[in-house]
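J.: I'd like to ask some things about the structure below.
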């Protein structure tokens, strides 16, 4: 009995330490994220792309409405209509929502961030774009299969990082926390 309890205690300790490491890993990804600008050629495996999309699907939403739809564009010619300078193998994910949903912008922003961070957690570069949204909504909905009643909200580009990219040289400077946080 004592041996069984010891093994069980060891098992619980290993599981608990793994959970703590996972939390540290998640915070590390959040604190070290950056909008990649340089990509290398190469396709993203479908299993990884499925995980990245699953992260978007799992985003929180107001009243659990989940207004988002994800259009995954992997053909270079179509992706270049959305974002300039696409590298072979990059994927562009267009996040859209019903135009009449009151909370869709915030909800979709949460899904976009989940996609952006999941890609980086898996070792890929990612970048969020809102500039192409007007062009998508006015000219590309049909090409992308986005119904008329839906509107593109944001785009996330995902791809393999160029070999000389790191967070220290690629991240945009951030304001210090003490300049944007007030504790009361």
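Residue numbers (this note's numbering): 2 to 185.
Idealized CB from N, CA, C, for every residue including glycine.
Computed from a predicted model, the values in this text were never measured in an experiment.
Would you decide whether residue 148 is buried or exposed? Buried here means 16 or more other CB atoms lie within 10 Å of its CB.
T.: Exposed, since its Cβ has fewer than 16 Cβ neighbours within 10 Å.
J.: Do residue 156 and residue 84 count as a contact pair if the criterion is CB distance below 8 Å?
T.: Their beta carbons are under 8 Å apart, which means residue 84 touches residue 156 by this criterion.
J.: Is it true that the CB of residue 119 sits closer than 8 Å to the CB of residue 31?
T.: Going by C-beta atoms, residue 31 is not nearer than 8 Å to residue 119.
J.: Would you mind stating whether residue 143 and residue 153 have Cβ atoms separated by less than 8 Å?
T.: In this structure, residue 153 does not lie closer than 8 Å to residue 143 by Cβ.
J.: Can you tell me the Cα-Cα spacing of residue 46 and residue 181, whole angstroms?
T.: Rounded to the nearest angstrom, the two C-alpha atoms are 39 Å apart.
J.: Which value, in whole angstroms, describes the spacing of the CA atoms of residue 127 and residue 91?
T.: Using only the alpha carbons, I get a separation of about 10 Å.
J.: Looking only at its chain, what residues have a beta carbon closer than 7 Å to the beta carbon of residue 8, apart from the 5 residues adjacent to it on each side?
T.: Low confidence applies to residue 8: its pLDDT is 36, below 50, so where it sits in the model is not reliable enough to give any reading.
J.: What is the C-beta distance between residue 96 and residue 80, in whole angstroms, given that I count them as a contact (C-beta under 8 Å)?
T.: No, residue 96 and residue 80 are not in contact; Cβ-Cβ is about 15 Å, not under 8 Å.
J.: Could you give the DSSP three-state label for residue 45: helix, strand or coil?
T.: Of the three classes helix, strand and coil, the one that applies to residue 45 here is coil, per DSSP.
J.: Here's the rule I'm using: 16 or more other beta-carbon atoms within 10 Å means buried, otherwise exposed. How should residue 115 be labelled?
T.: Residue 115 should be labelled buried.
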